[in-house]
Every structure is written in C-alpha cells, then in structure tokens.
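Position one of the sequence shown corresponds to residue 624 (my numbering), numbered consecutively onward. C-beta atoms are modelled at their ideal positions from N, C-alpha and C, and glycine is treated no differently. Structure first, then comments.
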Amino acid sequence: MKTKILMVCLGNICRSPLAEGILKSKVDDSVIVESAGTGGWHAGETPDPRSIAIAKENGIDITDQRARKFKARDLDAYDFIYAMDNSNYRDILSHAKHTRQTKKVKLILNEIYPGENLSVPDPYYGGDNGFKRVFDMLDAACDKIAEKLNAK
Ligand code: 4NP
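Right, here's the structure in full:
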C-alpha cells in the first residue's frame, strides 16, 4: 500500500506546490504526494512563477502541477494532511467528522519546531525573498517527513 500525503495552503499556487515538489524529491515511489488549496480561486492554474523559479533553482520541476480546491473527501483519501498555516489547519479540521480524520491533519512546521504551531508565511503579496525563505522552511520540514517515511 502506498502512503498518500496531501500538502494544503490557501491558493495552492505558492506554498503547497513547493511542499509537494520538495517532498516528492526526497521519497521513493511508495509515497504519493499531492497538494490542494482551501480556496478555489486558482483552480486549474500552474504554480506562481516565483514558486516555479525557486523550485527550479533547487533542481525541482513543479510546472506540471495544477491547483485544485481541498475537499472533505480528502480527509479519507490521504494518510497525512499537512497544513501550511494555522488558518488552513482550522479550515481543514472544520470538515473532519471523526478522530480517524482529525489525527491525520498536521501543521507542517511542527515537524521541525514541535509543538510551536508556527505558520509558513504566505509569500503571495511579498517579494522573491519570501519565496526563498518559504522554500528553506519547507525543505527542512520535508527532510523530517521523508526521514520518517523512508524509515518505514
Ligand atoms: P498560497 O498563496 O496559499 O501559498 O498558494 C496564496 C495564493 C493566492 C492567494 C492567497 C494565497 N489569493 O488570495 O489569491
């Protein structure tokens, strides 16, 4: 059985596409990694050009990704759901009906700062530097996630 992981942010064009691409680069094909946004405004779009650029600088191609909106069924379809920020986290949990679902949902930065409940800042309205910071945070968090997955 493959392990299915969903990365979730607001628009699914900046942060979660990076998280998807970064984690994919660290795990083998026994792990399926996808992403979604709690908002649907950008559905069908490619990632933000600034996310594409910072990924490319790091040898990761995310141009094949297309944004989609998070749906309640995702709480059954995935084994782990990583929220990029506290607002996404609350939004995802608002769709959960059982603890079987709630216990799958995690804040991604708790992987590197356990229990601190920190958010990956939304870089959408900032400059390119924000995207580099976001990349580095997600890279560190995905190292931890991959360590656990690869140890299975
Ligand atoms: P993301 O960034 O959640 O990291 O994809 C955003 C992208 C678009 C919007 C908000 C956040 N937006 O409001 O359109």
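Assuming contact is defined by CB atoms lying nearer than 8 Å, are A678 and L641 in contact in what I supplied? At the C-beta level, A678 and L641 come within 8 Å of one another.
Do E643 and E657 count as a contact pair if the criterion is CB distance below 8 Å? Yes; because the gap between Cβ atoms is below 8 Å, this pair is in contact.
Where the beta strand (DSSP E) containing E657 begins and where it ends: V654 to G660 is the span of the beta strand (DSSP E), which, as asked, contains E657.
Using alpha carbons as the reference points, say which of S742, A676 and N773 lies closest to V631. It is S742.
Ignore the nearest five residues each way along the sequence and tell me which others in V654's own chain have a CB closer than 7 Å to its CB. For V654, where only same-chain residues beyond five positions count, the Cβ hits under 7 Å are K625, T626, I628 and L772.
Near T686, which residues of its chain fall below 8 Å by C-beta distance, leaving aside the five closest residues on each side in sequence? For T686, where only same-chain residues beyond five positions count, the Cβ hits under 8 Å are T669, P670 and I675.
Chain-ordered list of residues that sit, by beta carbon, closer than 7 Å to a heavy atom of the ligand 4NP: The set of residues with any CB-heavy atom separation to the ligand 4NP below 7 Å comprises, in chain order, C632, L633, G634, N635, I636, C637, R638, S639, G660, G662, W664, H665, D671, M707, D745, P746 and Y747.
Helix or strand or just coil, what does DSSP make of V767? In the sequence under discussion, the amino acid at residue 767 is Lys, which differs from the Val named in the question. Judged by DSSP in its simplified three-state form, K767 adopts helix.
Kindly provide the ranges of any alpha helix (DSSP H) runs that are 4 or more residues long and lie completely inside the region 676 to 750, ordered along the chain. Complete alpha helix (DSSP H) runs here, min 4: 697 to 700, 709 to 716 and 722 to 725.
Leaving out the 5 sequence neighbours to the left and right, which residues in its chain are closer than 6 Å to G753 when beta-carbon positions are compared? Excluding the 5 residues flanking it on each side, G753 has same chain C-beta neighbours closer than 6 Å at P746, in chain order.
Using only the alpha-carbon positions, how far apart do V757 and G660 sit? C-alpha separation (whole angstroms): 16 Å.
Cα separation between A706 and P672? Between the alpha carbons of A706 and P672 lies a distance of about 22 Å.
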